[in-house]
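S.K.: Numbering (this note's numbering), first residue to last: 581 to 690.
Backbone N, C-alpha and C define an ideal beta-carbon position, used for all residues, glycine too.
Sending over a structure as structure tokens; questions will come in a sec.
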């Protein structure tokens, strides 16, 4: 999956995180994570986020949901918005990014 970063807020930060989860959502609303991926962006341009390869059968009535976020605490430490080590950062810069996904290719086998 390729995400194209198209805008960043004023006072643009050096670094930001993008995390994605592909979920199987059951008719009752419960969700099961199939795969996850993460990448760190450092400015304008394209960002490649790899969800890896997997085989998965979606049951009748279920649907796939792609969830994209900028953090996944407590699994990942929040990005400080700077190029400092996130575990040692003393300065934190909030920011906002707008992302657009070009395409998501899924192969369906009967």
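1. Using C-beta distances below 6 Å, list every residue in its chain close to residue 649, excluding the 5 sequence neighbours before and after it, in chain order.
2. Taking the alpha carbon of residue 612 as the reference point, which residue from 665, 632, 619, 642 has its own alpha carbon closest?
3. So what does DSSP say about residue 637, is it helix, strand or coil?
4. I need the DSSP call for residue 617, collapsed to helix, strand or coil.
5. Out of 672, 635, 614, which has the shortest C-alpha to C-alpha gap to residue 661?
M.R.: Let me lay it out:
1. Correct list, in chain order: 599.
2. Comparing Cα-Cα distances from residue 612 to each of 665, 632, 619, 642, the minimum goes to 642.
3. Residue 637 falls in the coil class under three-state DSSP.
4. Residue 617 sits in a strand when the DSSP states are folded into three classes.
5. It is 672 whose Cα lies nearest to the Cα of residue 661.
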